[in-house]
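Numbering (the working numbering), first residue to last: 3 to 141. The C-beta atom is built at its ideal place from N, Cα and C for all residues, glycine as well. Because the structure is a prediction, the values reported are computed rather than measured. Reviewing the structure listed below.
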Amino acid sequence: MCAALLVYFVLLGRTGITLIASGAPTAIALGIGVLIMPVVGAWAMVATLRAGFAHQRLARLADEDGMELDVSDLPRTPGGRIQRDAADTLFATVRAELEADPDNWQRWYRLARAYDYAGDRTRARETMRKAVEMQAGKS
Numbered sequence: 003m004c005a006a007l008l009v010y011f012v013l014l015g016r017t018g019i020t021l022i023a024s025g026a027p028t029a030i031a032l033g034i035g036v037l038i039m040p041v042v043g044a045w046a047m048v049a050t051l052r053a054g055f056a057h058q059r060l061a062r063l064a065d066e067d068g069m070e071l072d073v074s075d076l077p078r079t080p081g082g083r084i085q086r087d088a089a090d091t092l093f094a095t096v097r098a099e100l101e102a103d104p105d106n107w108q109r110w111y112r113l114a115r116a117y118d119y120a121g122d123r124t125r126a127r128e129t130m131r132k133a134v135e136m137q138a139g140k141s
């Protein structure tokens with residue numbers, strides 16, 4: 003996937019340079035815009051990869067400490083997802099654990115996973131970011 007994106011960024015870059023080299027004011031403006039797109043795309047790709055590696059590291063550390071959420075016995079939908087009411091119950095339990103120990107990055111990690119199981123991806127990402135920062139000693 004990353005290799006395909008890199009090829010795409012190179013092709014966009016070539017197109018941008020060709021547009022700028024044409025000398026026409028409109029083409030130059032479009033060329034600059036096209037050159038900016040690979041830079042933004044590369045930044046997004048690197049940021050996503052870094053976050054993914056950090057999340058994997060936390061998952062490994064939490065698992066080594068026996069703090070990974072066990073969802074193997076929770077009821078599932080026919081599609082394989084955890085049923086909403088079971089995910090909400092899990093979330094309430096994990097949230098109570100966090101309130102009892104708010105300075106523990108593992109509790110924040112578990113809350114992020116519970117948000118994810120409950121289907122709230124935005125809060126899961128925000129909470130996982132906090133867990134990564136806490137584990138790294140930044141907060």
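For the alpha helix (DSSP H) holding residue i, just list the boundary residues, first then last.
{"i": "aspartate 118", "result": "107-120"}
{"i": "alanine 133", "result": "123-137"}
Helix, strand or coil for residue i, going by three-state DSSP, please let me know.
{"i": "arginine 83", "result": "coil"}
{"i": "glutamate 66", "result": "helix"}
{"i": "leucine 71", "result": "coil"}
{"i": "methionine 3", "result": "coil"}
{"i": "proline 104", "result": "coil"}
{"i": "alanine 26", "result": "coil"}
Rounding to the nearest angstrom, what Cα-Cα distance links residue i and residue j in this structure?
{"i": "alanine 137", "j": "leucine 60", "result": "For the sequence presented, residue 137 should be read as glutamine rather than alanine. Distance between the alpha carbons of glutamine 137 and leucine 60 is about 8 Å."}
{"i": "aspartate 103", "j": "aspartate 75", "result": "25 Å"}
{"i": "alanine 133", "j": "proline 27", "result": "48 Å"}
{"i": "isoleucine 19", "j": "methionine 69", "result": "51 Å"}
{"i": "glutamate 128", "j": "valine 12", "result": "32 Å"}
{"i": "aspartate 67", "j": "histidine 57", "result": "15 Å"}
{"i": "tyrosine 10", "j": "leucine 37", "result": "12 Å"}
{"i": "methionine 47", "j": "glycine 35", "result": "19 Å"}
{"i": "glutamate 135", "j": "arginine 123", "result": "18 Å"}
{"i": "proline 80", "j": "methionine 3", "result": "30 Å"}
{"i": "glycine 139", "j": "tryptophan 45", "result": "24 Å"}
Which partner residues does residue i have in the DSSP bridge list?
{"i": "arginine 78", "result": "Ile84"}
Is the beta carbon of residue i sitting closer than 8 Å to the one on residue j?
{"i": "alanine 89", "j": "alanine 64", "result": "no"}
{"i": "glycine 144", "j": "isoleucine 22", "result": "Given that the chain is displayed from residue 3 to residue 141, the structure contains no residue 144 and the question cannot be resolved."}
{"i": "tryptophan 110", "j": "leucine 100", "result": "yes"}
{"i": "leucine 92", "j": "alanine 126", "result": "no"}
{"i": "leucine 113", "j": "arginine 97", "result": "yes"}
{"i": "leucine 7", "j": "glycine 43", "result": "yes"}
Does the beta carbon of residue i come closer than 8 Å to any beta carbon on chain D?
{"i": "glutamate 135", "result": "Looking at the structure shown, chain D is missing, and only one protein chain is on hand."}
For residue i, verify whether its CB is less than 7 Å away from any heavy atom of the ligand HEM.
{"i": "cysteine 4", "result": "Within the structure as shown, the ligand HEM is missing, as the structure has no ligands at all."}
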